[in-house]
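Enquirer:
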Amino acid sequence: MDYDRKDYELPTPPYLSYRKQIDDLIMNGTLLCLEGRVLSSEHMANSSINSFEITLLHDTKYGYESLIVLMLNFTFSLRKYLIDNENENITFNEEANSSLRIQSYLNKDVFIKNPIGQTGVPIVLLIYAEQFYYNISINGGDIIHYKNGLPPWAANYVMVIFLNKWK
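Each residue of the sequence shown is one higher than the one before, starting from 67 at the first, in the numbering used here.
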């Protein structure tokens, strides 16, 4: 009996995922206020997690494809370093820059430098909705203006996902 066997490598699922329904439909004003703490670089290196996503979704029913109202993907570049024991010199070898990717339905993705900047720090994220733009404040820094593709009231779920390096 002959047969062809093919083994496919399955993608690694997200490490952790949290999902919460938004009860109020908001046209203008504070859409989301989130407080948390970014994992330390040591924890990220040990668990293979180097990014997290905060997504506002328009979801009609669980299990069906959702529309992305707004997605923020924070990626952190973990520094690899080499220590020369004789001279006690430390050489840093960066893999890539940390970045923030912002996307939504019908809009182009925007990539900017990660405003959090480092790992192991508290984060306060505020998303304020206006008629045509989202104003995003991270740790009280400069406001990021992002044109909305869907109206803010379309967001009925918020999801936070911690992703591994291979996504």
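Ideal placement from N, C-alpha and C gives every residue a C-beta, glycine not left out.
#1: Is the region 183 to 190 in contact with the region 218 to 232, if contact means three or more CB pairs nearer than 8 Å?
#2: Go through the region 156 to 220 residue by residue and report every complete run of the beta strand (DSSP E) that reaches 3 residues or more, in order.
#3: Can you tell me whether DSSP reads Glu131 as helix, strand or coil?
#4: Leaving aside the five residues before and after Ser117 along the sequence, list all residues of the same chain whose C-beta is less than 7 Å from its C-beta, in chain order.
#5: Sorted by chain position, which residues of the same chain lie with C-beta nearer than 7 Å to His211's C-beta, five sequence neighbours on each side aside?
#6: Is DSSP giving Met110 helix, strand or coil here?
#7: Mapping the DSSP letters down to three states, classify Leu122 as helix, strand or coil.
#8: Could you please give me the residues that DSSP links to Met225 through a beta bridge?
#9: Go ahead and label Pro218 buried or exposed: buried means 16 or more other beta carbons lie within 10 angstroms of its beta carbon, across all protein chains shown.
#10: Do Leu122 and Glu191 come within 7 Å of each other at the CB atom, strictly closer than that value?
#11: Hey, Tyr171 and Gly95 are a contact pair by Cβ (cut 8 Å); roughly how many whole angstroms apart?
#12: Going straight from the alpha carbon of Glu108 to that of Ile115, what length do you get?
#13: Taking the beta strand (DSSP E) that Leu98 belongs to, which residues open and close that run?
#14: Verify whether the separation of the beta carbon atoms of Phe177 and Ser164 is less than 7 Å.
#15: Would you mind stating whether Ile120 and Ala221 have Cβ atoms separated by less than 7 Å?
Expert: Once the coordinates are examined:
#1: no
#2: 165 to 169, 176 to 179, 188 to 195, 199 to 204 and 210 to 213
#3: coil
#4: Asn139, Phe140, Thr141, Phe142 and Leu229
#5: Tyr199 and Asn201
#6: helix
#7: strand
#8: Arg85 and Thr121
#9: buried
#10: Reading off the sequence, residue 191 comes out as Leu, not Glu. Going by C-beta atoms, Leu191 is not nearer than 7 Å to Leu122.
#11: No, Tyr171 and Gly95 are not in contact; Cβ-Cβ is about 21 Å, not under 8 Å.
#12: 10 Å
#13: Gly95 to Arg103
#14: no
#15: no
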